[in-house]
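Residue numbers (the numbering used here), protein chains in the order written: chain A, 12 to 211; chain B, 12 to 211. Data first, discussion second: the structure below is written as structure tokens.
Written as structure tokens, this is what we have:
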């Protein structure tokens with residue numbers, strides 16, 4: 012089987028959420044798996060002098076419109092959260108804890124976290140919400156809540172984020188296909204074409 | 012005939028160039044014309060805290076790769092200029108002078124200016140090059156070279172840029188279809204869908 016696609020995102024990234032709803036389908040059509048890699052976008056933005064889109068004048072208004080429009084075009088439920096952006100450390104750490112202890116639950120947890128934030132308007136910055144999401148995918152929520160406070164899991168997320176920046180990731184979503192980088196939900200069509208053709 | 016599409020761009024914008032090669036075809040397929048609106052992106056970026064993509068670390072390397080890749084995918088000749096970004100005041104002023112005095116030559120001039128910069132690696136910041144481009148579309152190059160130094164033409168470009176910012180333009184290319192804004196060459200597929208469906 013050819014190598015999996017690497018899918019980097021921050022849980023607070025609305026374009027990351029939109030991409031998350033399509034990436035597995037795209038990969039599957041071409042016999043590929045997807046490695047989901049949550050990361051902290053803040054340090055990556057600091058490395059490029061960027062800022063979250065919706066915080067910028069003009070761009071913020073446009074981004075709100077573009078997100079809603081793209082979600083409609085793709086048939087994906089979407090509502091910009093009331094509190095935004097949110098701190099997603101707890102969710103990202105919980106993902107890596109699951110990956111280590113119950114790997115089959117990690118992606119379902121990530122999908123549930125995205126849905127909680129961008130469909131149900133629940134704040135995934137709230138550890139109580141993260142606990143509910145863990146329970147929802149059949150994980151031991153108490154053990155998870157404890158684990159994400161440990162130095163080991165904190166270091167794991169930091170290492171994943173550093174590795175992503177080292178690889179050139181500076182935004183969310185960010186996809187690698189056999190080493191070829193694609194930034195943005197609007198590059199998914201190119202990702203699919205690349206998978207079809209092996210490069211162009 | 013339905014209203015023309017508004018196509019805003021800076022002559023130094025590589026994604027603006029890529030879009031310029033497709034926008035007329037897209038519009039024509041749906042019975043529309045295109046109003047080409049060169050502007051100065053600098054003031055618009057200042058309004059949003061943005062910077063030219065290729066000046067940013069990480070993003071710059073990625074942008075170079077993405078531009079070349081997108082040009083290959085779309086079958087458009089492209090080479091990032093040796094000197095970049097370039098000051099495009101003279102070219103933008105020449106466009107508006109043509110629009111006032113020989114409107115049928117304005118878009119051919121804009122196409123020639125984009126080709127000079129992004130295919131032939133000629134610096135359109137050089138007034139001698141602008142003069143050659145004017146002559147190339149059959150305009151009076153001497154009259155044009157004089158005109159672009161006048162307060163009237165300088166004020167015209169400034170007014171067009173101010174009007175663009177007022178309308179919410181903060182990047183290049185930027186397209187309006189019946190008031191609906193689309194930012195980026197990667198939104199041309201949405202532009203086409205919008206024209207087909209009247210909105211989604």
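C-beta atoms are modelled at their ideal positions from N, C-alpha and C, and glycine is treated no differently.
May I have the straight-line CA-CA distance separating residue 55 of chain A from residue 24 of chain A, to the nearest angstrom?
Counting from 1 along the first chain, the entry for residue 55 of chain A is found at position 44. Counting from 1 along the first chain, the entry for residue 24 of chain A is found at position 13. Cα to Cα, the separation comes out at about 13 Å.
When you compare the CB positions of residue 88 of chain B and residue 130 of chain B, do they come within less than 8 Å of one another, or not?
As a first step, residue 88 of chain B is located in the second chain; it is residue number 77 there, counting from the start. As a first step, residue 130 of chain B is located in the second chain; it is residue number 119 there, counting from the start. Taking 8 Å as the Cβ cut-off, residue 88 of chain B and residue 130 of chain B qualify as a contacting pair.
Thinking C-beta only, is residue 121 of chain B closer than 8 Å to residue 147 of chain B?
Start at 1 with the first residue of the second chain, and residue 147 of chain B comes out as number 136. Start at 1 with the first residue of the second chain, and residue 121 of chain B comes out as number 110. Not a contact, by the Cβ cut-off of 8 Å.
Given a cut-off of 8 Å, decide if residue 201 of chain A and residue 84 of chain B are closer than it, judged by their beta-carbon atoms.
Against the second chain, residue 84 of chain B aligns to sequence position 73. Against the first chain, residue 201 of chain A aligns to sequence position 190. Yes.
Chain A within 8 Å of residue 88 of chain B, Cβ atoms only
Indexing the second chain from 1 puts residue 88 of chain B at position 77. Output row for residue 88 of chain B: interface = no.
Test item: CB-CB of residue 136 of chain B and residue 98 of chain B under 8 Å:
Along the second chain, one-based indexing puts residue 136 of chain B at 125. Along the second chain, one-based indexing puts residue 98 of chain B at 87. Yes, they are a contact pair.
So residue 164 of chain A is in the alpha helix (DSSP H); what residue range does that whole segment cover?
Within the first chain, the letter at position 153 stands for residue 164 of chain A. Note, residue 164 of chain A: alpha helix (DSSP H), 162 to 177.
Do you know how far the Cα of residue 104 of chain B is from the Cα of residue 22 of chain B?
Within the second chain, the letter at position 11 stands for residue 22 of chain B. Within the second chain, the letter at position 93 stands for residue 104 of chain B. Their Cα atoms are separated by approximately 11 Å.
Under 7 Å between beta-carbons, which chain A residues line up against residue 26 of chain B? List them in chain order, please.
If you number the second chain from 1, residue 26 of chain B lands on position 15. Under the 7 Å cutoff, chain A gives no residues; its nearest Cβ is about 12 Å from residue 26 of chain B.
State buried or exposed for residue 80 of chain A, treating a residue as buried only when at least 16 other CB atoms are found within 10 Å of its CB.
Taking the first residue of the first chain as 1, we reach residue 80 of chain A at position 69. With 16 or more other Cβ atoms within 10 Å, it is buried.
Could you name the residues that DSSP lists as bridge partners for residue 187 of chain B?
Position 176 of the second chain, counted from the first residue, corresponds to residue 187 of chain B. DSSP lists B/17, B/192 as partners of residue 187 of chain B.
Burial state of residue 48 of chain A, where buried means 16 or more other Cβ atoms lie within 10 Å:
Residue mapping note: residue 48 of chain A aligns to position 37 of the first chain, counting from 1. Buried: at least 16 other Cβ atoms inside 10 Å.
Cβ neighbours of residue 118 of chain A in the same chain (closer than 6 Å, five flanking residues each side left out):
If you number the first chain from 1, residue 118 of chain A lands on position 107. If we look at residue 118 of chain A and ignore the five residues flanking it on each side, its Cβ neighbours are 47.
Between the alpha carbons of residue 159 of chain A and residue 177 of chain B, how many angstroms are there, rounded?
By one-based count along the first chain, residue 159 of chain A stands at place 148. By one-based count along the second chain, residue 177 of chain B stands at place 166. Straight-line Cα distance between these residues: approximately 47 Å.
Neighbour list for residue 83 of chain B in chain A, Cβ cutoff strictly below 8 Å:
Locating residue 83 of chain B in the second chain gives position 72, counting from the first residue. Near residue 83 of chain B (Cβ distances below 8 Å), the residues of chain A are 211.
Can at least three beta-carbon pairs, one atom from the stretch 178 to 185 of chain B and one from the stretch 180 to 187 of chain A, be found at a separation below 8 Å?
Under the three-pair Cβ rule at 8 Å, the stretch 178 to 185 of chain B does not count as touching the stretch 180 to 187 of chain A.
Counting C-beta neighbours from all protein chains within 10 Å, is the total for residue 225 of chain A 16 or more, i.e. buried, or is it exposed?
In this structure chain A extends from 12 to 211, so residue 225 of chain A is not present and cannot be described.
Which residues in the same chain have their Cβ closer than 6 Å to the Cβ of residue 175 of chain B, if we skip the five residues on either side of it in sequence?
For the purposes of this step, residue 175 of chain B is taken as the residue at position 164 of the second chain. Counting only Cβ-Cβ distances below 6 Å, and skipping sequence neighbours, we find 19, 50.
8 Å Cβ cutoff met for residue 187 of chain B and residue 17 of chain B
Within the second chain, residue 187 of chain B is the residue found at index 176, counting from 1. Within the second chain, residue 17 of chain B is the residue found at index 6, counting from 1. Yes, the Cβ-Cβ distance between residue 187 of chain B and residue 17 of chain B is below 8 Å.
Contacts around residue 132 of chain B, its chain only, beta-carbon distance under 7 Å, and the 5 residues preceding and following it disregarded
If you number the second chain from 1, residue 132 of chain B lands on position 121. So the list reads 90, 92, 93, once near-sequence residues are dropped.
Taking the CB atoms as reference points, tell me whether residue 32 of chain A and residue 199 of chain A lie closer together than 8 Å.
Taking the first chain and counting its residues from 1, the one referred to as residue 32 of chain A is at position 21. Taking the first chain and counting its residues from 1, the one referred to as residue 199 of chain A is at position 188. Not in contact: residue 32 of chain A and residue 199 of chain A (Cβ atoms no closer than 8 Å).
Less than 7 Å separating the Cβ of residue 56 of chain A from some heavy atom of the ligand FMN?
Inclusion of the ligand FMN in the displayed structure is not the case, the ligand content being empty and no account of it being possible.
Name the DSSP bridge partner or partners of residue 47 of chain A?
If you number the first chain from 1, residue 47 of chain A lands on position 36. For residue 47 of chain A, the beta-bridge partners assigned by DSSP are A/18.
In chain order, what residues of the same chain lie with their CB nearer than 7 Å to the CB of residue 113 of chain A, ignoring the 5 residues before and after it?
In the first chain, the residue the question calls residue 113 of chain A occupies position 102. The answer, listed in chain order, is 150.
Residue 126 of chain A: first and last residue of the uninterrupted alpha helix (DSSP H) it sits in
Here the question's residue 126 of chain A lines up with position 115 in the first chain. For residue 126 of chain A, the enclosing alpha helix (DSSP H) covers residues 117 to 129.
Does residue 86 of chain B pass the burial test, meaning 16 or more other C-beta atoms within 10 Å, or should it be called exposed?
Position 75 of the second chain, counting from 1, holds the residue named residue 86 of chain B. Result: exposed.
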